[in-house]
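Before any comments, here is the structure.
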Amino acid sequence: MINGTVHFYHSASGFGIIRRDRGGPDAFVHVDALNAAGLTALSPGQRLTFELRTDARGQTCAHGLACVQDIGVDDVVSAAPDVIRGIE
Numbered sequence: 001m002i003n004g005t006v007h008f009y010h011s012a013s014g015f016g017i018i019r020r021d022r023g024g025p026d027a028f029v030h031v032d033a034l035n036a037a038g039l040t041a042l043s044p045g046q047r048l049t050f051e052l053r054t055d056a057r058g059q060t061c062a063h064g065l066a067c068v069q070d071i072g073v074d075d076v077v078s079a080a081p082d083v084i085r086g087i088e
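In terms of the UniProt record's numbering, the sequence shown opens at residue 1 and continues consecutively.
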């Protein structure tokens, strides 16, 4: 899976661009990929994981979209007691 961030998504036209976290070409995303993933829209800055596939026209597109929830330091610290208990 590739990690990336939505650069833009144009709802009226049904397409957008995802920028890969580790560089490389931007990924085109079509509304069909959103529908397949159960998503209704994308917002700039939204984090995703995805796969790349070549469509019938030969264009490389993002598919298999999944939203990524960023984990903050507070989340890690609050989970630490449960993790430590599991180690004991």
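Just so it is clear, CB atoms sit at the ideal spot from N, CA and C, and this is done for glycine as well.
Because the structure is a prediction, the values reported are computed rather than measured.
Residue i versus residue j - alpha carbon distance
i, j, result
"Gly24", "Met1", "14 Å"
"Ala56", "Gly38", "22 Å"
"Val68", "Arg47", "5 Å"
"Arg20", "Ala12", "24 Å"
"Thr40", "His10", "12 Å"
"Gly16", "Leu34", "11 Å"
"His7", "Arg22", "14 Å"
"Phe50", "Gly64", "5 Å"
"Pro44", "Thr54", "24 Å"
Anticipated Cβ contact below 8 Å, residue i with residue j, distance rounded
i, j, result
"Val29", "Ile18", "6 Å"
"Ala27", "Gly4", "6 Å"
Residue i burial status per 10 Å Cβ neighbour count (16 or more: buried)
i, result
"Cys61", "buried"
"Ala66", "exposed"
Residue-chain proximity (residue i, chain D), Cβ-Cβ < 7 Å
i, result
"Cys67", "No chain D appears in the structure shown, which is made up of a single protein chain."
Any non-hydrogen atom of the ligand PLP closer than 6 Å to residue i Cβ
i, result
"Gly4", "Only the bare structure without any ligand can be found here, which leaves the ligand PLP out of the picture."
Please give me, in chain order, every unbroken run of the alpha helix (DSSP H) with length at least 4 that falls completely inside the UniProt domain "CSD" (1-70). 31-37
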